[in-house]
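In terms of the UniProt record's numbering, the sequence shown has 203 at position 203, counting the first letter as 1, and numbering is strictly consecutive. Since the structure comes first, as structure tokens, the remarks are kept for the end.
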Amino acid sequence: MALHPPQAQDKLIFAAAGSTMNTQAEQFTANTPLHRSDLDQESPVAQYHSWFTAAQKSGQVAHPETCCMSTASLPSGRVSSRIVYMKELDSSGGFVAYSNFGTSRKADDLKRNPYVSLTFWWEAMQRQIRVEGKAERLSAEESQKYFEMRARGSRVGAWASRQSWVLEPKEGENNEEGKEDDGRMQLEEWVKEAKEKFEGKEDIPVPPFWGGLRVVPDRMEFWQGRDSRLHDRFVYELQEETGKWKLERLSPRDGTLTSCKRHQSVTLIILAREDVDGWRLSAESSDPG
Ligand SMILES: Cc1cc2nc3c(=O)[nH]c(=O)nc-3n(C[C@H](O)[C@H](O)[C@H](O)COP(=O)(O)O)c2cc1C
């Protein structure tokens with residue numbers, strides 16, 4: 001059912017919802033309530049483990065380890081996000097993903113700013129989990145253990161990759177399909193070099209610029225979709241003084257006061273009203289004292 005016709009012809013996409021356009025957003029009708037008492041009272045990591053296991057067992061979430069990792073560059077504050085696989089969850093509470101830490105954009109961001117967020121979305125379960133914390137590199141020995149589990153092609157590929165570098169086209173050269181090279185030939189050359197380097201060698205060491213990144217959380221949110229956007233949200237925040245987690249319910253609505261948080265130097269109030277098109281952001285005072 002069309003709710004509102006597109007306001008302007010310049011919108012290529014308007015009120016997108018699944019496979020249709022100009023329609024109401026999908027409702028979260030599974031309506032499984034999430035109560036505070038359903039959650040692990042001590043540890044969000046234990047809670048994550050329980051939800052991850054449920055997602056895996058359901059057979060309905062193709063890759064529950066897939067998440068969006070965001071990092072931010074300093075001093076600009078510019079944020080970038082990308083999908084990665086969360087490959088390990090330490091019993092001590094670290095989320096581990098593997099990547100290139102030489103040339104990638106995330107590597108560049110992490111040099112000056114260790115804060116990382118991971119967001120998981122398991123549609124079939126109508127669940128979102130947000131993980132925020134500081135990241136640290138795994139040692140070469142730790143990374144080697146996982147590296148050895150990878151297929152030979154992926155291990156060689158790790159040596160060949162200069163992740164996120166610009167690949168310059170080789171002028172005047174055509175690829176195998178007879179098309180003008182657009183930079184792919186450079187990548188294939190690096191792969192060839194890496195293959196030659198390890199030819200006949202069974203053991204391939206983990207490259208010094210590749211390995212695991214452990215995100216140690218200090219804030220985690222569990223989100224369960226509910227009808228009419230009245231979702232259940234619970235956040236765990238690590239208390240520095242006690243080392244214990246504080247658990248609180250958050251308001252879900254996107255049409256009322258959604259967030260009012262006091263930071264050290266500024267109080268931000270974000271208001272979104274249903275009768276006004278858009279968001280109103282006000283910043284108040286400079287020092288809450
Ligand atoms: C499904 C999927 C899984 C991915 N898993 C990883 C991963 O585990 N590690 C990784 O470095 N990149 C992974 N990527 C590629 C990243 O999204 C990204 O292209 C790459 O890390 C470079 O990003 P950066 O330069 O912003 O750091 C994955 C991409 C997709 C679509």
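We put the beta carbon where it would ideally sit given N, CA and C, even for glycine. The structure displayed is predicted, hence computed values, not measured ones.
I'd like to confirm the pairing. Which residues does DSSP put opposite Q84 in its beta bridges?
Per the sequence presented here, residue 84 reads as Val, with Gln not at that position. Looking at the DSSP assignment, V84 forms a beta bridge with C67.
State yes or no: is the C-beta of A55 nearer than 7 Å to some heavy atom of ligand 1?
no
Sorry if obvious, but does the Cβ on R82 come closer than 7 Å to a heavy atom of ligand 1?
yes
Determine the extent of the alpha helix (DSSP H) in which M185 is found, giving its start and end residues.
184-197
Under 8 Å, do Y146 and K87 count as touching if we go by C-beta distance?
yes
Measuring CA to CA, which of A16, R229, K11, E189 is closest to E168?
E189
Mind checking which residues open and close the beta strand (DSSP E) that includes T119?
115-122
Helix, strand or coil: how does DSSP classify E26 here?
coil
Just to confirm, is the Cβ distance from G133 to V79 under 8 Å?
no
Euclidean distance between Cα positions of K170 and R82
28 Å
Assign V166 to buried or exposed, taking buried as 16 or more other Cβ atoms, counted over all protein chains shown, within 10 Å of its Cβ.
exposed
Boundaries (first-last residue) of the beta strand (DSSP E) holding F234
232-238
Count the other C-beta atoms from every protein chain shown that fall within 10 angstroms of the C-beta of Q27, then say buried if there are 16 or more, exposed otherwise.
exposed
Using the Cα positions of Y85 and A97, report the straight-line distance between them to the nearest angstrom.
6 Å
Roughly how many angstroms separate the alpha carbons of D182 and G172, rounded to a whole number?
10 Å
Select from A107, E65, S143, E199 the residue whose C-alpha is nearest the C-alpha of R130.
E65
Taking all protein chains shown into account, decide if A16 is buried (16 or more other Cβ within 10 angstroms of its Cβ) or exposed.
exposed
G211 versus S143, K192, H231, Q239, residue with shortest Cα-Cα distance
S143
Local conformation of R249 per DSSP, three classes
strand
Starting from the Cα of L34, find the closest Cα among L74, N22, M21, Q126 and give me that residue.
Q126
Thinking L213 and A135 are a contact (beta carbons under 8 Å), I'd like their distance in whole angstroms, please.
5 Å
For F52: DSSP bridge partner residues
BP columns for F52 are empty, so no partner.
Compute the minimum distance between the beta carbon of Y146 and the heavy atoms of ligand 1, and state whether it is under 7 Å.
no
Answer yes or no: the CB of R78 versus the heavy atoms of ligand 1, is any distance below 7 Å?
no
How many Å lie between A30 and D90 at the Cα?
31 Å
Hey, out of K106, S99, M149, I204, whose CA is closest to S161's CA?
S99
Can you give the beta carbon distance from E163 to T71, rounded, assuming they're within the 8 Å contact cut?
The residue asked about is misnamed: residue 163 is Gln in this sequence, not Glu. Q163 to T71, Cβ: 14 Å. No contact.
Which whole-angstrom value describes the C-beta separation of N128 and W223, a residue pair presumed to lie in contact below a C-beta threshold of 8 Å?
In the sequence as displayed, the identity of residue 128 is Gln instead of Asn. Indeed, because the Cβ distance is near 4 Å, the residues count as touching under 8 Å.
Between S228 and ligand 1, is there a pair consisting of the residue's CB and a ligand heavy atom that are separated by less than 7 Å?
no
Near ligand 1: T119 beta-carbon under 7 Å from a heavy atom
no
Cα-Cα separation between V230 and E199, rounded to whole angstroms:
Checking the sequence shown, residue 230 turns out to be Leu, not Val. When rounded, the distance between both Cα atoms is 58 Å.
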